[in-house]
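What follows is a single structure, written as structure tokens, with notes after it.
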Amino acid sequence: MRTFSNVWRCVALAAVFVLNVAHSADAFAAVRKFEMNIEDTRITLVEKQQYHTFAFAGQVPGPLFYVDEGDQIEVNVNNVTALPHSVHWHGMLQKGTWKMDGVPGTTQEAIKPGESFTYKFTAEPSGTMWYHCHVNVNEHVALRGMWGPFVVRPKKPTALEKTVTKEFIMMLSDWDSKWSSKPGFGGVPGDVYDFFTINGKSFPDNQPLRVNKGDVVRLRFIGAGDLVHSIHLHGHIMKVAFKDGFPLANPISADTILVGPGERYDVIFTADNPGRWMIHDHVDSHTMNGDRPMGGIMSVLEYNEIKPDDFYDWKAKKFEPNFYYEESLKKGPGVYTNDGFKGQAVQ
Amino acid sequence: MRTFSNVWRCVALAAVFVLNVAHSADAFAAVRKFEMNIEDTRITLVEKQQYHTFAFAGQVPGPLFYVDEGDQIEVNVNNVTALPHSVHWHGMLQKGTWKMDGVPGTTQEAIKPGESFTYKFTAEPSGTMWYHCHVNVNEHVALRGMWGPFVVRPKKPTALEKTVTKEFIMMLSDWDSKWSSKPGFGGVPGDVYDFFTINGKSFPDNQPLRVNKGDVVRLRFIGAGDLVHSIHLHGHIMKVAFKDGFPLANPISADTILVGPGERYDVIFTADNPGRWMIHDHVDSHTMNGDRPMGGIMSVLEYNEIKPDDFYDWKAKKFEPNFYYEESLKKGPGVYTNDGFKGQAVQ
Amino acid sequence: MRTFSNVWRCVALAAVFVLNVAHSADAFAAVRKFEMNIEDTRITLVEKQQYHTFAFAGQVPGPLFYVDEGDQIEVNVNNVTALPHSVHWHGMLQKGTWKMDGVPGTTQEAIKPGESFTYKFTAEPSGTMWYHCHVNVNEHVALRGMWGPFVVRPKKPTALEKTVTKEFIMMLSDWDSKWSSKPGFGGVPGDVYDFFTINGKSFPDNQPLRVNKGDVVRLRFIGAGDLVHSIHLHGHIMKVAFKDGFPLANPISADTILVGPGERYDVIFTADNPGRWMIHDHVDSHTMNGDRPMGGIMSVLEYNEIKPDDFYDWKAKKFEPNFYYEESLKKGPGVYTNDGFKGQAVQ
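Chains as they are written, first to last, in the numbering used here: chain A, 2 to 348; chain B, 2 to 348; chain C, 2 to 348.
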């Protein structure tokens, strides 16, 4: 249906896992190279609701960049779709590298279909960051899944974050089903968002967060969509420890936090209360899958100590242990794709 | 029109004020028992705009639970409506009592029509909390008035809150008149909120906040609806002292604060500026009653020292002294219904 | 088309620059008098999109009031439109002057067409404040441009703000083109905002923010419209230093901040990273001009050290140096009109 460079697609399929880590002049800095396609990809939000995306490495969210502060990042981006794109590394200071900031018409020309662009920059500052397209953001970011997590590990972690034993990444976004199969269109005034996802999936097709009693848990929230979400965790007190990657002088305690578009909040809590606990958007209308209730941005914090009950909606749930990139984050710095997020190539 | 258990309705009407306070093992902890129906109830938002709700104890907001930190709470909930429900005690930690958290399909089965469920838990932590249904929240919480205030008095109050002489509870919510007489429907993508209330009433049918010069005033805001509200108080500096019940290390001064769905903010200010002062939502479109302007989420802070002027909209206002539960809060811990919030039973 | 007092219009055109500064009893306080019309005025948001406003002094935003804390303010407001209005001085405490607070039906009668009202009050407290109409705010504030900046210079500036070398005022607002030529109507439930502006202009018809390397920059954000905006600055760390004019005990670092209706945030950052950097609303749908993408609330922070590139959208931009009132703010206290914001009188 769409024309694209078959050469690039083949190169990319071969190269996508080529990750070259080498040491730079700074003894602590690695050079992290990655080859990343932007591909027409059909993903499934929930049940039968599919969506045509322009997916980084064919997945939504895109690959996790988990790097050390000061690392040299080099990402060659191949645009294998039929529309222009770019990549903005949201939060990266780009000190001395402003032309790597990824804004078409301001810092570079957009990457045309069939073309490539290599982004080179230093990972600075540390914290929960993300990346996304900066062309026609009303469609490409809001509706086409062009975003992924970018986490920079600090040289000097705070005392609080040193206590963390398990962490989860949660990217929040919104979709209007009307445009699901009309790439290049949508994201216009009057649109009605009717699907709402964590890491590209709506309840009940997303995953629980599994912890053990005693874990110190860090949730990294990223507002990747167009709406403000109000995230409520049951049964625990969240300490809001970081805003946009920056530590708060005095963490704020909360059970419900607003996460706006582009914002990130890192919250830390102690898993001291075994049970099954909802975590969900308290914007009631964001718990819909189309016109069906009790879906959208909802999940369950499960303690491994608790056995399923008959009434539990997810008692037979097939568990996917890396849905929140929690397994990748355990492995330390690297660039991680995730098969669970991959969609189907659109021919 | 709807079938329901007449037995339960009768029991409830008789039992609703049965409040048994007894001392538990903890010398400071009381056992607070309450019997609470969920009833099909028609309330009036403003002027002729009625709304079919599923009301706790037949009122919107529901009864005020004002308890001490550590109290043992026991609430028997009777579902006298034709749809399933539950009660989530938003903010309560439910330490060791996760099956009392009120989430159908996760912590319990929903309470079916004609059935009951008894919630037993410890009031912890302290602060401004609330309760609401957790079934089909897009309709039941957003549109059917299934919420009430739950205030836990701290064992160790902060220095700032000790100075308070008068307090008011303000629950903010939003309504789409299209679904007003269609219980079991609504709360779907594309809905347009056209009525906006404080404690279930829109201006001018809500009430002023009356203070004396010298009062130290605490406003307890609760985001009970689906939208973010931006509350502006004229003529005074609000100290944002608590977020979700938790004290801020450094209270933030503000004249306008965002209150999102599920969030609570406690602000404290000194009544040192006699006059008549607006307090209202600065989201301009939330000051509408349908298509008529200057309604919705607006009220007036009145100093008793100031006499009415001819131009004052509320110069002949019939004052109801407990509209913000300010009289109940003066009485100390207890469970308080409020005749002013009661609607008409729907037969 | 509309009837209005020709007498008042003539007086106002003559008097609008009559600014009388005199010293009051307080050695540090000046008396600042200003004559200000409210006029039917057609402005251009972007390209061919015009809008009928009720403009203060015939401009949107209105004149900048830049005064010292403690100054005596006296503004005679002449309503030259066909509808009632008032002026609320948002953030001013109005100690002892509550009838100057500008709320019709509460503190005064609305100013009828052809009539005047003189507001007299003390400028207190200091900080980024603003003024706006308080009649039918759903239309007059949200859609008719009835707002302007009011900045009060503190007697005791904070250490951080003393370092500032350049400052910019950014008033954020939203428009529904459907009501552009229907004054007296609009601002009703179901409205769809389709234009989004900074200081009344959408990208690309607004202006860059120009700085030199080494500047310490203060941005004064004012939420003047109906929506929450999420402002993202590329390449720099913003310190959120003031909320509603009040200094934060601990400034919060951020790259993205939510600005709600009525709120003000002052952020300070060091211009230490020469380049061209986007500053824009991260609510993706707010970067639209009607149905065309990459407009709305977007601008570019330009370092004077950087030369234009061929790919730069604004390479031939005609620069207007006072678009953010940055030139006026350099001059010190005064009341400043701005020809760049003036529209065409509607006869």
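We put the beta carbon where it would ideally sit given N, CA and C, even for glycine.
Range covered by the beta strand (DSSP E) that runs through residue i
| i | result |
| --- | --- |
| M302(B) | Contrary to the premise, residue 302(B) reads as Leu rather than Met in this sequence. First-last of the beta strand (DSSP E) with L302(B): 299-304. |
| A31(A) | 31-47 |
| E75(A) | 73-80 |
| Q50(C) | 50-57 |
| H86(B) | Where H86(B) is concerned, there is no enclosing beta strand (DSSP E), given that its DSSP letter is neither H nor E. |
| F66(C) | 65-69 |
9 Å Cβ cutoff, residue i in contact with chain E
| i | result |
| --- | --- |
| D206(C) | Protein chains A, B and C are contained in the structure displayed, whereas chain E is not. |
Neighbourhood of residue i by C-beta distance below 6 Å, restricted to the same chain and skipping five residues each side
| i | result |
| --- | --- |
| M299(C) | F204, H281, T288 |
| I74(C) | R33, F122, A124 |
| R10(B) | Low confidence applies here, because R10(B) scores a pLDDT of 45, under 50, leaving its location unreliable; read the following figure in that light. Cβ neighbours of R10(B) beyond the five flanking positions: V81. |
| G59(A) | E40, T42, K343 |
| A23(A) | Caution applies to A23(A), whose pLDDT of 46 falls short of 50 and renders its modelled position unreliable; the model cannot decide the point. |
| V347(C) | D41, R43 |
| A16(C) | Note on A16(C): pLDDT 38, under 50, position unreliable in the model; the coordinate value appears next. These residues qualify, in order along the chain: E36. |
| S25(A) | In this predicted model, S25(A) has a pLDDT of only 45, less than 50, meaning its place in the structure is not dependable enough to derive any value. |
| E328(C) | P322 |
| P309(C) | K316 |
| R145(B) | T54, F55 |
Residue of the options minimising C-alpha distance to residue i
| i | options | result |
| --- | --- | --- |
| G106(C) | R277(B), D314(B), L46(B), N207(B) | D314(B) |
| W278(C) | P294(C), A250(C), D311(C), H233(C) | H233(C) |
| F243(A) | I253(A), G236(A), H237(A) | I253(A) |
| M147(A) | T164(A), M172(A), P158(A) | M172(A) |
| F247(C) | T129(C), L84(C), L65(C) | T129(C) |
| V142(A) | M295(A), H91(A), T338(A) | H91(A) |
| M49(B) | S286(B), F196(B), A160(B) | It should be noted that the sequence gives Lys, not Met, for residue 49(B). Measuring from the Cα of K49(B), the nearest candidate turns out to be F196(B). |
| Q51(B) | S174(B), I199(B), S181(B) | S181(B) |
| G297(B) | D177(B), N305(B), E303(B) | D177(B) |
| V212(C) | F55(C), V301(C), T98(C) | V301(C) |
| D206(C) | T98(C), K319(C), D340(C), H283(C) | K319(C) |
| I199(A) | L210(A), G191(A), D192(A) | L210(A) |
| D216(B) | G224(B), H237(B), G263(B) | H237(B) |
| T119(A) | N137(A), F270(A), K100(A) | K100(A) |
Range of the contiguous alpha helix (DSSP H) that encloses residue i
| i | result |
| --- | --- |
| S174(B) | First-last for S174(B): 167-176, but that is the beta strand (DSSP E), not the alpha helix (DSSP H). |
Residues near residue i by beta carbon distance below 7 Å, same chain, minus five either side
| i | result |
| --- | --- |
| S6(C) | Interpretation of S6(C) is limited by its pLDDT of 44, a score under 50 that renders its predicted location unreliable; the figure taken from the coordinates is listed afterwards. Taken in chain order, the residues that qualify are V81, G115. |
| A255(C) | M239, V241 |
| L330(C) | Y67, E168 |
| H89(C) | D102, G103, V104, Y132, H133, H135 |
Sequence-distant residues of the same chain with beta carbon closer than 8 Å to residue i, five excluded per side
| i | result |
| --- | --- |
| K113(C) | N80, P85 |
| I307(A) | P275, G276, R277 |
| G291(A) | Q50, S178, D195, F196 |
Got a sec: which bits of the region 163-177 of chain C sit with their beta carbon under 8 Å from any beta carbon on chain A, in order along the chain? none
At a Cβ cut of 9 Å, what residues of the region 235-253 of chain A count as close to chain C, listed as they run along the chain? K244, D245, G246, F247, P248, L249, A250, N251
Which ranges would you report for the beta strand (DSSP E) in the region 120-164 of chain B if only whole runs of at least 3 residues count? 128-133, 148-154
Scan the region 251-272 of chain C for residues whose Cβ lies nearer than 9 Å to a Cβ of chain A and list them as they occur along the chain. N251, P252, I253, S254, A255, D256, T257, I258, L259
Runs of 3 residues minimum, wholly inside the region 255-341 of chain C: which ones carry the beta strand (DSSP E) assignment? 257-260, 265-271, 277-282, 299-304, 335-337
Contact set between the region 80-102 of chain A and chain C, restricted to residues whose Cβ is under 8 Å from the partner: H89, H91, G92, L94, Q95, K96, G97, W99, K100, D102
Mind listing, in chain order, the continuous beta strand (DSSP E) runs of no fewer than 3 residues lying wholly within the region 188-253 of chain A? 196-199, 210-212, 217-224, 230-234, 239-244
Under 8 Å, CB to CB, which of the residues in the region 180-195 of chain A have a partner in chain B? V193, Y194, D195
Taking a Cβ distance cut-off of 8 Å, strictly less, list which residues of the region 281-303 of chain B are near chain A, in chain order. none
At a CB distance below 9 Å, what residues from the region 196-227 of chain B approach chain A? Give them in sequence order. G224, G226, D227
Using Cβ-Cβ distances below 7 Å, what residues of the region 312-346 of chain A are close to chain B? F312, Y313, D314
Taking only beta carbons into account, state which residues of the region 134-150 of chain A come closer than 9 Å to chain C, listed in chain order. H135, V136, N137, V138, N139, E140, H141, V142, A143, L144
Compile a chain-ordered list of the residues in the region 39-67 of chain C whose CB is closer than 8 Å to at least one CB of chain B. none
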